[in-house]
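Protein chains in written order, with the numbering used here: chain A, 859 to 958; chain B, 9 to 673; chain C, 181 to 347.
A virtual CB, placed ideally from N, CA and C, is assigned to each residue, including glycine.
Since this is a predicted model, take the numbers as computed values, not measurements.
Each remark here refers to the structure printed beneath this line.
Set out below in C-alpha cells:
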C-alpha cells in the first residue's frame with residue numbers, strides 16, 4: 859500500500875524538475891522534453907489518486923493526457939522544423955520574433 | 009422596329025477592334041470583325057428599309073434614355089417650358105435612304121480596304137476608325153433631335169480628323185487633319201448657334217417638333233432665316249462649300265478608302281442631309297433657301313475651275329466632290345429636296361467608285377498620284393479602266409447613267425423655280441465637270457505612257473477583293489438613276505415619292521417639251537465637254553492646254569493657286585486670330601491674373617490665421633492623445649521581449665499568484 | 181513490497197529527469213528521458229495501473245522518444261551553443277518550481293487527506309474499457325479526430341515548401 863503523500867511527492871518532483879527545465883534551458887528540444895517530464899509527473903499523481911479512490915477515472919484522464927502529449931510533441935516538432943528551415947537556430951536567445 | 013441596331017453593330021466593332029484588336033488580333037480577325045459589323049449593319053438597314061416601305065407609318069422612333077434632365081427654359085417669347093433632351097433616334101424615309109447609302113457604300117469600302125490597307129502596320133487602328141466613323145455617321149443620320157445629330161456631327165468630324173491624319177508621321181497629313189478639324193469647327197459653331205437659337209425661341213431641339221412649330225407659325229420669319237443660315241454655315245463646313253471648302257482638297261492626304269467613304273460618299277453630304285431634314289425651316293425662311301441655292305451654284309462652278317488645273321488624281325476628284333455637293337445644294341435651294349437627296353445617293357455611288365478606282369490606280373502605280381506621270385494605263389489595268397470610265401460617264405451626265413437623271417432633275421428644278429442664274433451656273437458646271445473628268449480619264453488612261461521606269465515595271469491590276477466592290481459600285485452607278493426616273497421619260501419618280509413623307513411634295517410645273525429641251529441642253533454641254541477634253545488631251549496631247557496657260561498666265565496662276573483663298577485665310581483669319589490671341593493673352597496676364605492673384609493673396613492671409621488655431625488647439629488635442637498612447641506603449645512593449653522562457657516564467661509566476669490567492673482565501 | 185518497487189522506479193525517474201534537464205547534449209537528454217519514462221511506467225505498474233503502464237511504454241518509449249531522436253538527427257545539433265546564464269537567476273528558477281510545488285502539495289493534501297486507504301487490487305482493464313466506451317465515448321472519439329488532425333497538420337507544417345511555379 860503506497861501512501862498518497864509519497865505519490866504526491868514523486869509526481870510533484872517530476873513536475874518541478876520539468877518546470878525547471880522549461881524555465882532554465884534554452885534549447886528548444888530540451889524544453890519540449892521537459893514538458894514531457896511535467897506531463898509524466900501529472901500522470902503519476904492522476905494514476906495514484908485513481909488507485910486510491912478505486913476509480914478508473916484517474917487512469918482514463920492519464921490516458922487522455924498521454925494522447926495530448928503525443929499530439930503536442932508531433933505538432934511541436936513540425937513547427938520546430940519549419941521554423942528551423944527559416945532561421946537555422948534553436949537557441950531561444952535568438953528567437954524573439956514576438957518582440958514588441 | 010429594331011432600327012436602333014443599325015449603329016450598334018459598328019459600335020461593337022469599334023469596341024472590339026479599338027480596345028483589343030490593335031494589340032491582340034490578327035489582321036484576318038480585325039477585318040472579319042469590321043466587315044462583319046458593317047455587313048450586319050447594312051442588312052439591318054435593308055430590313056428596316058423594307059419594313060418602313062411596307063408600313064403606313066411615316067417614321068419609327070426609339071428613345072434610349074433622357075440625356076439632359078428637364079430644366080426650365082426661359083423662352084424669348086415668354087413662356088417657361090420644362091425641357092428634357094433625350095437620346096432619341098428616328099427612322100423615316102430620308103433616314104432610311106441615307107442609312108442604306110452609308111452602310112451599303114460603307115460595307116463595300118470596308119471590303120475594299122482589306123486589299124488596299126493590307127500592308128499597313130496600323131491595320132486594326134484603321135478599321136476601328138472606319139467603324140467608328142460608320143457609327144457616328146449613323147447617329148448623325150438617325151438622330152431625332154439636333155442635339156443627338158450634333159453628337160454624330162462631331163463624331164464624323166473627329167473620325168475625319170483621325171483618318172485624314174491616319175499617316176500622322178507625315179507632316180502634311182497631320183496638318184491636313186488639323187485643317188479639316190479647325191475649319192469644321194467654324195461650321196460646327198454655326199450649327200450650335202442655330203440649335204441654340206431654335207432652343208431659345210421654340211424651347212425644343214426635336215426636329216419633328218421644330219418643323220411642326222414652324223409650320224404652325226410659332227417662329228418669326230427673321231429668326232427662322234437667322235437659324236437656317238447658322239445651320240447652313242454648319243452645312244458649308246461639313247459639306248465643303250464656299251466659304252469653308254478649303255479643307256477638303258487637303259483631306260486627300262488620308263488613305264484613299266477614307267477619301268471615298270468620308271470625303272465623297274457620306275460625311276461631306278451630311279450638310280445636304282441636314283438641310284433636307286430641316287427643310288421646313290428653310291422653306292419657311294425663303295431667304296435662306298436662296299442663299300443655299302446660290303452658294304451651291306457658285307461652289308459648283310468655282311470648284312470645277314480648280315479641277316481644270318490640278319494634276320493630282322485625288323485632288324481633281326476632291327474638287328469634283330465639292331462641285332457635285334454644290335449641285336445638291338442647288339437642288340435643295342430650288343425646293344426640290346428629293347432631287348438634292350437623289351443626287352446625294354447617285355453621287356455616293358459614282359464618286360466613291362471614282363475614288364476607289366483612283367485608289368486602285370495609285371495602288372497599281374505604287375503610290376504615284378500625279379497624272380503627269382501616268383498615261384496609257386488603259387491596257388495595263390483594264391478592269392480598273394472600265395469601272396473608272398463608267399464612273400466618269402455617270403458623273404458627266406451621259407444619258408442612261410445615274411448621274412444624268414439626278415443632275416437633270418436638279419437643273420430642271422432650278423429652272424422651274426425661276427432662278428435662271430442658278431440654272432445657268434449649274435449648266436456651265438455640268439459642262440466643266442464633263443471636261444475635267446475626261447481630262448482626268450485621258451491623262452491617266454490614254455495617250456503615251458509617262459511612267460517612271462521603276463514604277464512602270466511594277467504596274468499590276470488590283471486584287472479581287474478591291475475590284476469586286478468597284479464592280480458593284482459601277483453597277484449601281486449605272487442603275488441607281490432608274491429609281492428616280494422622271495415622269496417625262498416614262499418613269500414615276502419612285503424615289504421622290506418614297507421620300508415625300510420626309511421631304512415634302514415638290515411639284516414642278518414645266519411643260520414636257522421644256523423638260524426635254526433642258527435635258528438635251530445638259531447632254532449637249534456634257535458631250536462638248538468630253539469632246540473638248542478629247543481634242544486637247546488625246547488629239548493634241550495636251551499642247552493646247554499649255555498654250556492656253558501661257559496665253560492667260562495671270563488667270564492660270566490664279567486658278568493654280570486655288571484663287572489664293574488658303575493664303576487669304578492664313579493671312580487674315582489665322583493671323584488675325586493669333587494677334588487677337590496675343591492681345592487677349594496680355595489682357596489675361598495683366599488684369600485677370602491681377603484679380604485672381606489678389607483674391608489668392610486674401611485667401612492666403614485668411615488661411616494663415618486659421619493655421620494658427622489649427623496648430624495650437626486642434627493639433628494640440630490630437631497630438632496629446634497620441635503622446636499619451638506613445639508613453640504607455642513604450643512601457644508596455646518592454647514586457648514583450650519575444651523570448652519564450654520569459655513568457656514561461658510569467659506563466660509560472662501567474663500560477664503561483666493564483667494558487668496563493670486560492671489557498672489564502 | 182509495493183512501496184519498495186514504487187520508490188525504486190520513482191528514484192530512477194527523478195534522477196533521470198534531473199539528468200535530462202541538466203545534460204548539455206540533447207542526445208543524452210533523450211536517452212535519459214527514455215529511462216525516466218520507462219521508470220514512470222514502472223511506477224504505474226506499482227500502482228496497479230497496468231493498462232496505463234503498458235500505454236506509457238508503447239507510446240512514450242516506442243513513439244515519442246523515437247520521434248525526439250529522429251528530430252535531433254534531422255536538425256543536426258552539432259554546434260550546440262553554450263548556454264550562458266549566471267548562477268543567481270538559476271537559483272531563482274529552481275526556487276519558483278519549489279514554491280509552486282509546495283503550494284500544490286499543500287492544496288492537494290489539504291483537500292484529499294480524507295481519501296480512503298487504497299486497495300490492494302487495482303482497477304481491472306475490463307472496467308476501464310467499459311468506462312471508456314460508455315461515459316467517455318465522446319471525448320474518446322474527439323481524441324481520435326484530434327490525432328488525425330495532428331497527423332495531417334504536422335505533415336503540412338513540416339513538409340518542405342516547394343513553390344509550385346511551373347513557368
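For residue 516 of chain B, the three-state DSSP class (helix, strand or coil): Coil at residue 516 of chain B, not helix or strand.
Pairwise C-alpha distance: residue 561 of chain B and residue 463 of chain B: Residue 463 of chain B and residue 561 of chain B have their C-alpha atoms spaced approximately 33 Å apart.
Strictly below 8 Å CB to CB, what residues from chain B border residue 953 of chain A? The answer, in chain order, is 650, 651 and 652.
Residue 647 of chain B at chain C interface by Cβ criterion, 8 Å: It does not: the Cβ of residue 647 of chain B has no partner Cβ on chain C nearer than 8 Å.
Cβ of residue 912 of chain A less than 8 Å from any chain B Cβ? It does not: the Cβ of residue 912 of chain A has no partner Cβ on chain B nearer than 8 Å.
With a threshold of 8 Å between beta-carbons, can residue 671 of chain B be considered close to chain A, or not? Using beta-carbon distances, residue 671 of chain B does not count as an interface residue toward chain A, since no partner is under 8 Å.
Can you check which of these residues, B:293, B:586 and B:140, is closest to residue 27 of chain B by C-alpha distance? For the set B:293, B:586 and B:140, the Cα lying nearest the Cα of residue 27 of chain B is the one of B:140.
Please state the DSSP three-state secondary structure of residue 260 of chain B. Under the three-state reduction of DSSP, residue 260 of chain B is assigned to helix.
List the residues that DSSP assigns as beta-bridge partners of residue 70 of chain B. For residue 70 of chain B, the pairing in a beta bridge is given by DSSP as B:97.
At the level of alpha carbons, what is the spacing between residue 232 of chain B and residue 478 of chain B? Within the model, the alpha-carbon separation for residue 232 of chain B versus residue 478 of chain B is close to 43 Å.
Under the three-state DSSP convention, the category residue 642 of chain B falls into: Looking at residue 642 of chain B - three-state DSSP - the assignment turns out to be helix.
Have a look at residue 862 of chain A and residue 645 of chain B and give me their C-alpha separation to the nearest angstrom. Going by the C-alpha atoms only, they are around 45 Å apart.
Drop a sphere of 10 angstroms on the beta-carbon of residue 375 of chain B, count the other beta-carbons inside from all chains shown, and report buried for 16 or more, exposed for fewer. Exposed.
Can at least three beta-carbon pairs, one atom from the region 166-185 of chain B and one from the region 198-218 of chain B, be found at a separation below 8 Å? No contact exists between the region 166-185 of chain B and the region 198-218 of chain B.
If you reduce the DSSP assignment to three classes, tell me which class residue 507 of chain B lands in. Correct three-state label for residue 507 of chain B: helix.
Which same chain residues end up closer than 7 Å to residue 267 of chain C when comparing Cβ atoms and leaving out the 5 residues on each side of it in sequence? In this prediction, residue 267 of chain C has a pLDDT of 48, which is less than 50 and means its spatial position is unreliable; nothing more can be read from the coordinates.
How many whole angstroms separate the CB atoms of residue 8 of chain B and residue 242 of chain B, which I take to be in contact at a CB cut-off of 8 Å? The requested residue 8 of chain B does not occur in the structure, where chain B is confined to residues 9 to 673.
Minimum length 4: unbroken alpha helix (DSSP H) runs contained in the region 302-327 of chain C: Positions of the alpha helix (DSSP H) runs, each at least 4 residues long and wholly inside the region 302-327 of chain C, are given as 305-313 in order along the chain.
Could you tell me the distance, in whole angstroms, from the CA atom of residue 368 of chain B to the CA atom of residue 481 of chain B? Distance between the alpha carbons of residue 368 of chain B and residue 481 of chain B is about 14 Å.
Using a Cβ-Cβ cut-off of 8 Å, state whether residue 267 of chain C counts as contacting chain A. In this predicted model, residue 267 of chain C has a pLDDT of only 48, less than 50, meaning its place in the structure is not dependable; the value taken from the coordinates is given anyway. Output row for residue 267 of chain C: interface = no.
Considering just the uninterrupted stretch of the alpha helix (DSSP H) at residue 945 of chain A, what are its terminal residues? First-last of the alpha helix (DSSP H) with residue 945 of chain A: 915-945.
Would you decide whether residue 340 of chain C is buried or exposed? Buried here means 16 or more other CB atoms lie within 10 Å of its CB. Residue 340 of chain C comes out exposed.
Report yes if the C-beta distance between residue 338 of chain B and residue 434 of chain B is below 8 Å; otherwise report no. Taking the C-beta atoms as reference points, residue 434 of chain B is found nearer than 8 Å to residue 338 of chain B.
State the start and end residues of the unbroken alpha helix (DSSP H) segment that holds residue 892 of chain A. First-last of the alpha helix (DSSP H) with residue 892 of chain A: 886-911.
Taking 8 Å as the CB-CB limit, is residue 923 of chain A close to chain C? So, not an interface residue.
Proximity of residue 456 of chain B and residue 530 of chain B at Cβ, strictly below 8 Å: Not closer than 8 Å, so no.
Beta-carbon neighbours of residue 664 of chain B, restricted to chain C and to distances below 8 Å: Within 8 Å Cβ-Cβ: 276, 279, 280 and 283.
So, for residue 325 of chain C: in the same chain, excluding its five sequence neighbours on each side, which residues have a beta-carbon less than 6 Å away from its beta-carbon? None.
Note the first and the last residue of the continuous alpha helix (DSSP H) segment covering residue 203 of chain C. Counting along the chain, residue 203 of chain C falls outside any alpha helix (DSSP H), and DSSP gives it neither H nor E.
Would a check of beta-carbon distances place residue 900 of chain A closer than 8 Å to chain B? No - not a single Cβ of chain B is within 8 Å of the one on residue 900 of chain A.
Straight-line gap, residue 664 of chain B to residue 873 of chain A (C-alpha atoms, nearest Å): Answer to the nearest angstrom: the Cα atoms are 14 Å apart.
Just to confirm the assignment: which complete alpha helix (DSSP H) runs, minimum length 4, are found wholly within the region 597-642 of chain B? Taken in chain order, the complete alpha helix (DSSP H) segments of 4 or more residues contained in the region 597-642 of chain B are 601-621.
Name the residue from B:124, B:483, B:594 and B:427 whose alpha carbon lies nearest to the alpha carbon of residue 401 of chain B. Measuring from the Cα of residue 401 of chain B, the nearest candidate turns out to be B:483.
Please tell me whether residue 658 of chain B has its Cβ less than 8 Å away from any Cβ of chain C. For residue 658 of chain B, the answer is no, since every Cβ of chain C falls outside 8 Å of its Cβ.
In chain order, what residues of the region 184-201 of chain C put their CB closer than 8 Å to some CB of chain A? For the region 184-201 of chain C, the set of positions with a beta-carbon nearer than 8 Å to some beta-carbon of chain A reads 186, 187, 190, 193, 194, 197, 198, 200 and 201 in chain order.
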